[in-house]
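Novice: One structure coming up, written as structure tokens, with questions to follow.
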Amino acid sequence: MALDPNDQPGRPVAKFESMLKTDDVYFFDADDFEDIIHHYLNHGKISLAKKAIKIGLTQHTA
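What follows is the structure, given as structure tokens:
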């Protein structure tokens, strides 16, 4: 994914974590899920990465 200079790094991750805390459901595009998953994998948070994968697959079915 190309970096957008106007994009705020970490914003999808913060939004995802807020969603988990509040049990609200937010839509993320596929690129956002990719960023979220990579973030958690890079920080060794495997269970959160798996949770993001599971939610991403439900939002973006084949």
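So for the sequence shown, the numbering used here puts the first residue at -9; every next one is plus one.
Each residue gets a CB set at the ideal place from its N, CA and C atoms; glycine is no exception.
Computed from a predicted structure; not experimentally measured.
In this structure, how does DSSP classify residue 70 when only helix, strand and coil are distinguished?
Specialist: Because the chain spans -9 through 52 in this model, residue 70 falls outside it and cannot be assessed.
Novice: Should residue 46 and residue 23 be called a contact, given that it needs their Cβ atoms to be closer than 8 Å?
Specialist: Locating residue 46 in the sequence shown gives position 56, counting from the first residue. Locating residue 23 in the sequence shown gives position 33, counting from the first residue. Yes; because the gap between Cβ atoms is below 8 Å, this pair is in contact.
Novice: Express the C-alpha separation of residue 13 and residue 28 in angstroms, rounding to a whole number.
Specialist: Position 38 of the sequence shown holds residue 28. Position 23 of the sequence shown holds residue 13. About 22 Å.
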